[in-house]
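Residue numbers (this note's numbering), protein chains in the order written: chain V, 1 to 480; chain X, 1 to 309. From the three backbone atoms N, C-alpha and C, an ideal C-beta is built for every residue, glycine too.
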């Protein structure tokens, strides 16, 4: 029965989205069932995978090397779990945020389950070409969602996102074609054995695949599409994009690097990726510190935080593996909380310029609490999930003797403290004068408390790391 | 034939260059359409008739129509579309050098890789009988890798939703009446044969080049012709039936994949004996959804209506 779980994880949200589309009007409550059911499926999958054996579904029953397989191992299951938990919270948040009447609400409640199914499909895929299709699905669900903030405001950002994403897809696809020409299979499990090494074509294919994914993942220097798109989208959508969509690209990089592309990658390439990651951490954090709009602060913070996950590649030991993946989880939860909280402030103020934040601590106390708590994890202070992840990365850097990554970790943490406290200072410290009254509606309990629940979870991730890291296991192949 | 191939390759390069260096957007679009046609011809020369059909119908035909349609809307939206050519040198140099470097490396890599019979491809050809159709491309699209095709239908649907979100504000009251040399009576004359060709292409996919994507694109072309001559117009309201038909392909595909699990034991597998009829059913529902999606991308509206005479 367990082999049905991966298939259901793709098809249930997919059919729900199609049904919503045909219906022609928004039914927000049905999505709550879908996200709840999705979480239940993931929990069942978690139990099945916990034994150490991956769950595999053979679509069409054609066997290797013909069929496309869906496979859930520890890494995939953790990403599915992150997606499922965030899906529950964000679906609840979107009820008041999008309402159920406008046409944009129908578009949101159609695209969101489709995106959820697409993300599940991406995490479960075990086939290089199928991964291309799922990457396209995720991107083409994400871009219309950005446009929901109002086409006139966001069309530039969305088009730039689209052009970069298409360029990334094409480069990735060129790499896949080149690799298939040599290996004769697209199955991730069969590729390492089938790939001939020692030629130019292999490493070139790997380089193309990795570059394509870096563009999709908005890694420095390909980050320039991200801030406008993530900063301009509606808050619920920004949370999905920053916490899950770009993360999916980095997930692929981790999976391919330690699996299908393992015979083709080199130490120098790992160092280069680490360098890109460290630069992203420093540059993104500095930019976040300089922004004058709240959502851009949070968006640039995503550019920085994705960089930490790339520090796995130069170190490639189990501590780095666990640290990078755990950073993905912790950042996902914390960033979703930050964007939802920022969305609440925007909802009340009608704008998100930082000067406008002065003295909003009284009406928006709960949302600010969420922002602060999530910030603790972003800065990497104990006992949050962000701390656990950075601690593991720090351990790895000492284990491998590559101390220079420690410098990036520390500097990134300090800069993160800078941009988080800059926002909180404006909101709390300067409220001695009577709080200004504004016309905006105070966000309802659902909007305030979903953000807070996620922020609390981001802190809690620091306390429950052991079972999750057990599920993830050691670095595949024992490291190099 | 060597000479023909050489000329073809040279023309492809020249046209591709023209696409990115043309002085105006219209010239670039026209060059792009011709490039698509020549690419289709190249696929024929490379003995890939399926790709040739797809390239001609979608790459050159519908994509060209979409580009021209967008170009026509640009003045109304106030978007400046004459590029300040030549580009700011820096960007152009970087893209040209990047492209050139990639091309050289690909050429070197392909030169040294002796193309061996691909393992998965060989297996696919060996199992063609079990797949229920004689055409390998259709067998891969609808049977061996049906899951990919199903997901692609999702891509098409979401692209349509995205395009409609953007198109909405641009067209408020500013639609330009289509100016065309096609008269409605001529369109009525052409319509039956075009529909027949489209349906035949969908049907033919089972045993010769063709299939849902190529046939759907031809059917969409018929719709575009009707829209251009004013027999069909975009409507701002979409009906339940239209949305149902847009999602039909994905819904039939998914339902067949899930409902038959008790019989076959695998998701997206077909029971023996029912393989061919099921695949034809799926192929036609896909073609309908594809044709309608492409047509709505052209009209830029959520719905369609017959014009009042």
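*asked:* Using only the alpha-carbon positions, how far apart do residue 290/X and residue 138/X sit?
replied: 16 Å
*Start and end residues, beta strand (DSSP E) containing residue 307/V*: Segment 294 to 310 is the alpha helix (DSSP H) holding residue 307/V; no beta strand (DSSP E) there.
*According to DSSP, is residue 266/X helix, strand or coil?*
coil
*Using a Cβ cut-off of 9 Å, pull out every chain V residue sitting near residue 127/X, in sequence order please.*
62 and 66
*Kindly indicate which residue of 74/V, 11/V and 41/V has the alpha-carbon position closest to the one of residue 321/V.*
74/V
*Give every residue of the same chain whose Cβ lies closer than 7 Å to the Cβ of residue 367/V, excluding the five residues on either side of it in the sequence, and list them in chain order.*
341, 344, 345, 443, 448 and 451
_By the 8 Å beta-carbon criterion, what residues does the region 129 to 156 of chain V contribute toward chain X?_
129, 130, 133, 134, 136, 137, 140, 141, 143, 144, 147, 148, 151, 152 and 155
*Classify residue 297/X as buried or exposed, calling it buried when 16 or more other Cβ atoms lie within 10 Å of its own Cβ.*
buried
*asked:* What ranges does the alpha helix (DSSP H) occupy inside the region 193 to 266 of chain V, keeping only unbroken runs of at least 4 residues that lie completely in it?
replied: 201 to 216, 226 to 232, 235 to 240 and 246 to 258
*asked:* Buried or exposed for residue 251/X, going by 16 or more other Cβ atoms inside 10 Å?
replied: buried
*To which residues does DSSP link residue 125/V through a beta bridge?*
70/V
*Within chain X, partners of residue 110/V - CB distance below 8 Å*: 161
*Within chain V, the residues that residue 147/X reaches when beta carbons sit closer than 8 Å*: 59, 60, 68 and 130
*State buried or exposed for residue 47/X, treating a residue as buried only when at least 16 other CB atoms are found within 10 Å of its CB.*
exposed
*Is residue 150/V buried or exposed, if buried means 16 or more other CB atoms sit within 10 Å of its CB?*
exposed
_Sequence-distant residues of the same chain with beta carbon closer than 6 Å to residue 94/V, five excluded per side_ = 236
*Rounded to whole angstroms, how far is the Cβ of residue 268/X from the Cβ of residue 59/V, which I believe are closer than 8 Å?*
5 Å
_Beta carbon proximity, residue 73/X to chain V, threshold 8 Å_ = no
*asked:* Please report the distance separating the alpha-carbon of residue 195/V from that of residue 102/X.
replied: 21 Å
*Between residue 229/V and the rest of its own chain, which residues show a CB-CB distance below 6 Å, the 5 nearest in sequence each way excluded?*
146, 157 and 161
_Rounded C-alpha distance that separates residue 15/X from residue 32/X_ = 7 Å
*Tell me whether residue 174/X sits in a helix, a strand or coil according to DSSP, three-state version.*
Confidence is the limiting factor: at residue 174/X the pLDDT is only 39, short of 50, which leaves the residue's position unreliable, though a coordinate-based value still follows. Looking at residue 174/X - three-state DSSP - the assignment turns out to be coil, as it is neither helix nor strand.
*Work out the CA separation of residue 135/X and residue 206/X for me, nearest whole Å.*
6 Å
*Determine the DSSP secondary structure at residue 206/X, reduced to helix, strand or coil.*
coil
*Using a Cβ cut-off of 7 Å, which residues of the region 158 to 186 of chain V contact any Cβ in chain X, in chain order?*
178, 180, 181, 182, 184, 185 and 186
*Leaving aside the five residues before and after residue 24/V along the sequence, list all residues of the same chain whose C-beta is less than 8 Å from its C-beta, in chain order.*
106
*Using the rule of at least 16 other Cβ atoms within 10 Å of the residue's Cβ for burial, across every protein chain shown, is residue 251/V buried or exposed?*
buried
*Using the beta-carbon of each residue, which ones in chain V are nearer than 7 Å to residue 124/X?*
66
*Since residue 413/V is in the alpha helix (DSSP H), which residue starts that stretch and which ends it?*
404 to 428
_Under DSSP, the alpha helix (DSSP H) around residue 17/V begins and ends at which residues?_
4 to 23
*Have a look at the DSSP bridge pairing and note the partners of residue 57/V.*
70/V
_Straight-line gap, residue 474/V to residue 318/V (C-alpha atoms, nearest Å)_ = 5 Å
*Using a C-beta to C-beta distance shorter than 9 Å, which residues of chain V count as neighbours of residue 243/X?*
21, 22, 23 and 24
*Fully enclosed by the region 100 to 141 of chain X, which alpha helix (DSSP H) runs are 4 residues long or longer?*
119 to 126, 128 to 131 and 136 to 139
_DSSP has residue 187/V in a bridge; who is on the other side?_
127/V
*asked:* Whole angstroms are fine: how far does the CA of residue 359/V sit from the CA of residue 166/V?
replied: 43 Å
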